[in-house]
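In the numbering used here, the protein residues as written are 217 to 467.
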């Protein structure tokens with residue numbers, strides 16, 4: 217009977233005393249509280265979701281919030297940019313850390329092929345990270361110097377519909393999540409743990425010799441890098457050049 221279990225916060229199961237939820241057995245007659253998790257203290261504001269990993273945690277903010285702890289209230293109205301397949305935005309360098317990469321965005325595409333975001337170490341060769349649509353599916357590639365690692369979302373994109381995308385990399389480990397699906401994970405080969413993306417980034421397409429390569433007809437909004445909002449409108453600090461960018465139109 218449960219009365220035979222004298223340790224506080226315990227109960228009897230199959231003639232054995234078992235500590236209750238949130239407690240661990242520390243002796244024949246004692247149960248101690250479990251060590252608190254980093255997310256136990258609800259560090260993410262605005263109803264953000266906390267995820268513990270690699271000895272730290274990340275906040276995944278709900279729409280309208282940004283910042284490392286989702287503490288930043290975004291201005292009213294989405295920060296968005298529409299692309300025709302012959303347009304692009306050239307962004308200043310987005311990723312300051314070479315060991316860790318994290319960004320989220322919402323995507324709507326009307327084509328099964330094209331570049332969403334491309335960041336590189338230099339114009340030709342070197343490290344790179346690419347988020348693109350290939351064969352109707354979302355694909356992430358990154359290269360730390362030993363050849364590209366590819367991750368592809370399990371479910372195809374629905375053309376014309378909005379999708380939420382989350383990308384994270386720590387050292388060689390990468391993660392791609394589409395909407396609420398189970399994340400796809402991968403690991404780069406080689407010994408390098410650094411990803412150098414100092415050259416800047418392209419959004420919606422890539423300009424080369426006066427033409428646009430791999431242009432993606434669609435729309436991107438709500439881009440955040442490392443939990444910080446990246447404005448895509450005219451005059452925003454991150455925007456170096458915008459060509460042929462249009463509105464996103466009706467939802």
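From the three backbone atoms N, C-alpha and C, an ideal C-beta is built for every residue, glycine too.
Residue 461 and residue 351 have their alpha carbons spaced roughly 24 Å apart. About 7 Å separates the Cβ atoms of residue 397 and residue 369, confirming a contact at the 8 Å cut-off. Around the beta carbon of residue 249, a 10 Å sphere encloses fewer than 16 other beta carbons of the protein chains shown; the residue is thus reported as exposed. A buried status is given to residue 384, since no fewer than 16 other beta-carbon atoms sit within 10 Å of its beta-carbon.
With fewer than 16 other Cβ atoms inside 10 Å of its own Cβ, residue 270 counts as exposed. At a Cβ-Cβ threshold of 9 Å, residue 333 and residue 354 do not count as neighbours. Looking at 415, 358, 413 and 329, the one whose alpha-carbon comes closest to that of residue 430 is 329.
Comparing alpha carbon positions, the residue from 388, 371 and 394 closest to residue 379 is 394. In this structure, the CA atom of residue 337 is about 52 Å from the CA atom of residue 241.
Judged by pairs of C-beta atoms under 8 Å, the stretch 360-377 touches the stretch 401-419, as three or more such pairs exist. Contact between residue 439 and residue 317 is absent: CB atoms are separated by about 14 Å, not below the 8 Å threshold. Beta-bridge partners assigned by DSSP to residue 249: 239. In this structure, the straight-line span from the alpha carbon of residue 297 to that of residue 388 is close to 31 Å. Considering only 425, 322, 345 and 433, the residue with the shortest C-alpha distance to residue 310 is 345.
The DSSP-derived three-state label of residue 254 is helix.
Distance from the CA atom of residue 252 to the CA atom of residue 422, rounded to whole angstroms, is 47 Å. Around the beta-carbon of residue 449, fewer than 16 other beta-carbon atoms lie within 10 Å, marking it exposed.
The Cβ atoms of residue 243 and residue 325 do not sit closer than 9 Å to each other. Collapsing the DSSP output to three states places residue 285 in coil. Annotation: the continuous beta strand (DSSP E) that includes residue 439 extends over 434-441. DSSP places residue 357 inside the beta strand (DSSP E), whose first and last residues are 353-359.
Ranked by Cα distance from residue 254, the options 262, 416, 237 and 272 are led by 272.
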